[in-house]
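Residue numbers (our numbering), protein chains in the order written: chain A, 2 to 513; chain B, 2 to 513. Ideal placement from N, C-alpha and C gives every residue a C-beta, glycine not left out. Taking it in order: structure first as structure tokens, then the write-up.
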């Protein structure tokens, strides 16, 4: 048995059995070891950002740590942006990164690079295996790290010789450390604070899970406080039967408006909210001046136990208010953003998984889908566009029996379009809606936000994706995915009805 | 005038007038400043790896430092792999990376990340501007750094407030430090060494420039030493009229064979050669045991002055042997790798720029093109695949009057296919040949190299890009580029004849 084989066995016995891979030569022994273990599901991505983003989507839907397989520092670089997003989602991921044999790193070879260095700028845990005999334990430690503190990025760098040299037994993956909890007295003070006028409870991460959000909603209903969630959340249950919750906003002024009346903000599993960007003369924080921020339970602590303790402390008896099914009529006639929202809300299948990277368009899709059939909604967490198609890929691998709907802009989808091929190869049940507004609409908005009103040639050419326009039906076909282009509401409705009633990947280019 | 404006003015007066850009919100003031300066050519790339790779290609063809415009740590991450390649090519590039306003970095916003940290793992120079008043001087220092030591990666991080706050005047870019030269006594010893039996002169980088390679070749002809270049070189003149030079190899055994008889290896502008990867039981270095490695002039020193000094020391009188035009017959019948080489060699236009990321296929294309019409040849320098289409983009921006021929595998082209759109938008004169062998052929080769003979399902599915196959004609069309699929030699010849006789981007999918 060599180091690579002990690692694969350690991963499988430790519960890591999916690997989103983009391997190269330095990972050949790991690939050979995978070959002897068909119980490890290997999903090939033609670009590393697809692999890391898919791992994020897989974790969000299963809570199980997947692996990625990457190739030296540049391969990690290609996966970096979606690891950044995954980190913000608090997803647990183990990256296996091959590197040159230790002695080969003395010489100037083309692929020599600072693999540990780049990993450390985004991973919670980085380790370089020093010896084949250490690989199994290093792998077990990496898996444990990925499961620690509610989900972390763990990177194990395998110099090629540690993979091919002889090694002994696999290692056992130890359970992660118990999550920290706030003291009972702290919970009691939070309970008192929530009973005061102007109190709000802001929850995020695991606290948004279907069971916990109900606990939080009962607490809110009982105390009279408001229940808030961030604008961007890793996963939230929405639609008919889901608990009612207010969301923060993307636009600075809207965000300030949501927070204006909040006197005490109790954080549970959430960071203190900050605006997405800073702008000249605008605040970084949406809270009103003098708001008391009560940090009940940090995002890396046990928000489940904390909410239950708070619930008990308050002796809550009431039920949580829930959304009631209300579907809009099917739109007809010309295309508009409102009609896209109506069509999606009316047709979204029960238990769909919606991946939202629609950026400017999504703002029109969230209100009407609030009372659609029950579904899960996954947001872009780190602001690094190019997470939509990968997240959808991973979610579909995780949940083969559920329809995945990927909402994405034409600008953002271009960063990781290679995922379409993985969807085709794995026959993933993903319907991708590309909102083809022919440009980075968000940048036009932001140019105005920073105080620039007139757009000249250089800016125009950096905001527009025109001359030529992208042909998304051709791009889908090139990757082996069928596609439809729609230019009016009737076409959109027909395309969604067709795509939602069949299995497998399909792309709809929504010209808007 | 704000910080961004002083930076753009500093760049323009300092000779940086091309910017390969993928901007986001934090760069909006820089974009607004660019708008007031149409003399800065902005080239939009739909993925950052396209921008950084294009900058590399632009520098290799002009020797002029271009800028890239990137968006925070994840944007830098997306550009990382091709910055790695550019670093290995010793290309000079200035990356302008927007970041959050300094005070906003205190808060947990989605895009908060370690921008300086990731930059430092690949850049020679990293600076974070602390104040709008410093931006112009920081920019001037970054440009100087990019021009130093024969070409470097320089990264200037602009917190948004340093771009939008008031600033004074632009700064003047000072010339880079004079390159170091070896002592005259060291040159004299090298001259003696080159006259001994078994001597070889290995040159790389600038020493491969058209003038200097002739000097080196005359030295070799005069002393009787062999003249060598690495397998991967940033740019080399080839074809009829070019000087004859031996190249090292990719395959370990072939590389050892080239070096077997070398007793003294004199390095000028070159690193001591190392094999691409390490393999179990194979050497890292191709040199024979006991080879004397004479480090005459390191890659960051003045190889031009060194070669001229060596030439003078030796009192060279002879001419350099040169290649003579010899074109193969046009191939007919079924497709083979040899026939692809013949067709390319026979039809390659005079002064073409060949970008080579053909990996396994390219090994069949280099021998026949050695005596083709004169051309420049650019290699993948850092082993991070996905550099071909970007390099071709930058080379075509640099040299609008020359035909660019991009040789790429279907596996490698997928990493940065978004460049096709930039080729269409800028109407770049690039003919891309995608060698569609439906997989990562190099990995099959490498699996055997590391001693694994049987390929099972998991490995098979990670080497093959099949089920579905990629449709490159559709992918090109999706990006606005015309395409042709050829499956035999006659079709290839016709497609090349057509593509070489018209201007503008075209893609040929070569099924092989």
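Asked, Found
"Per-residue burial, residue 6(B) [other beta carbons within 10 Å of its own, 16 or more giving buried]", "buried"
"Pick from 322(A), 2(A), 15(A) that is closest to residue 168(A), judged by C-alpha positions", "2(A)"
"Rounded distance between the beta-carbons of residue 294(B) and residue 273(B), thought under 8 Å", "6 Å"
"Any chain A beta carbon closer than 8 Å to residue 5(B)", "no"
"Residues within the segment 23-46 of chain A neighbouring chain B, beta-carbon criterion of under 8 Å", "24, 25, 26, 27, 29, 30, 32, 33, 35, 36, 37, 38, 39, 41, 43, 45"
"Contact list for residue 382(A) against chain E, beta-carbon separation under 9 Å", "Absent from the structure is chain E; the protein chains it does hold are A and B."
"Option in 157(A), 43(A), 300(A), 479(A) with minimal Cα separation from residue 181(A)", "300(A)"
"Member of 513(B), 489(B), 206(B), 482(B) whose CA lies at the smallest distance from the CA of residue 500(B)", "482(B)"
"Candidates 411(B), 314(B), 463(B): closest to residue 34(A) by CA position", "463(B)"
"Helix, strand or coil at residue 215(A) [DSSP, three-state]", "helix"
"Beta-carbon proximity check, residue 562(A) vs residue 32(B), cutoff 8 Å", "Because chain A spans 2 through 513 in this model, residue 562(A) falls outside it and cannot be assessed."
"CB-CB length for residue 382(B) against residue 86(B), believed under 8 Å", "5 Å"
"Reference residue 155(B), options 81(B), 356(B), 268(B), closest by Cα", "81(B)"
"Residues of the segment 460-482 of chain A with Cβ closer than 9 Å to any Cβ of chain B, in chain order", "460, 461, 462, 463, 464, 465, 466, 467, 468, 469, 470, 471, 472, 473, 474, 475, 476, 477, 478, 479, 480, 481, 482"
"First and last residue of the uninterrupted beta strand (DSSP E) at residue 410(A)", "405-410"
"Chain A contact for residue 422(B) (CB, 8 Å cutoff)", "yes"
"Chain B contact for residue 283(A) (CB, 8 Å cutoff)", "no"
"Close-in-space but distant-in-sequence residues of the same chain around residue 207(B) (CB under 7 Å, 5 per side omitted)", "151, 213, 270, 304, 305"
"8 Å Cβ shell around residue 330(B) - same chain, five flanking residues per side excluded", "343, 347"
"8 Å Cβ cutoff met for residue 406(B) and residue 322(B)", "no"
"Ordered list of beta strand (DSSP E) runs contained in the segment 285-336 of chain B, each at least 3 residues", "293-298"
"Residue 250(A), DSSP secondary structure in three states", "coil"
"Anticipated Cβ contact below 8 Å, residue 358(B) with residue 413(B), distance rounded", "5 Å"
"Cβ pair count under 8 Å reaching 3, the segment 439-458 of chain B against the segment 69-76 of chain B", "no"
"Residues of the segment 120-141 of chain A whose Cβ lies closer than 8 Å to any Cβ of chain B, in chain order", "121, 122, 123"
"Through-space distance from residue 387(A) to residue 441(A), alpha-carbon basis", "13 Å"
"Amino acids of chain B, ordered along the chain, whose beta-carbon sits closer than 8 Å to that of residue 75(A)", "81, 82, 85, 86, 383, 384, 385"
"Chain A contact for residue 10(B) (CB, 8 Å cutoff)", "no"
"With 16 other Cβ atoms within 10 Å as the buried cut-off, status of residue 104(A)", "exposed"
"According to DSSP, residues forming a beta bridge with residue 126(A)", "155(A)"
"Beta carbon proximity, residue 426(B) to chain A, threshold 8 Å", "yes"
"Neighbourhood of residue 292(B) by C-beta, 8 Å cutoff - its chain only, sequence neighbours within 5 removed", "260, 263, 264, 265, 266"
"Sequence ranges, alpha helix (DSSP H) only - wholly within the segment 43-129 of chain A, length at least 4", "49-63, 73-89, 116-121"
"Extent of the continuous beta strand (DSSP E) to which residue 21(B) belongs", "19-22"
"C-alpha distance - residue 41(A) paired with residue 97(A), whole-angstrom precision", "14 Å"
"Short CB-CB distance (under 8 Å) between residue 108(B) and chain A", "yes"
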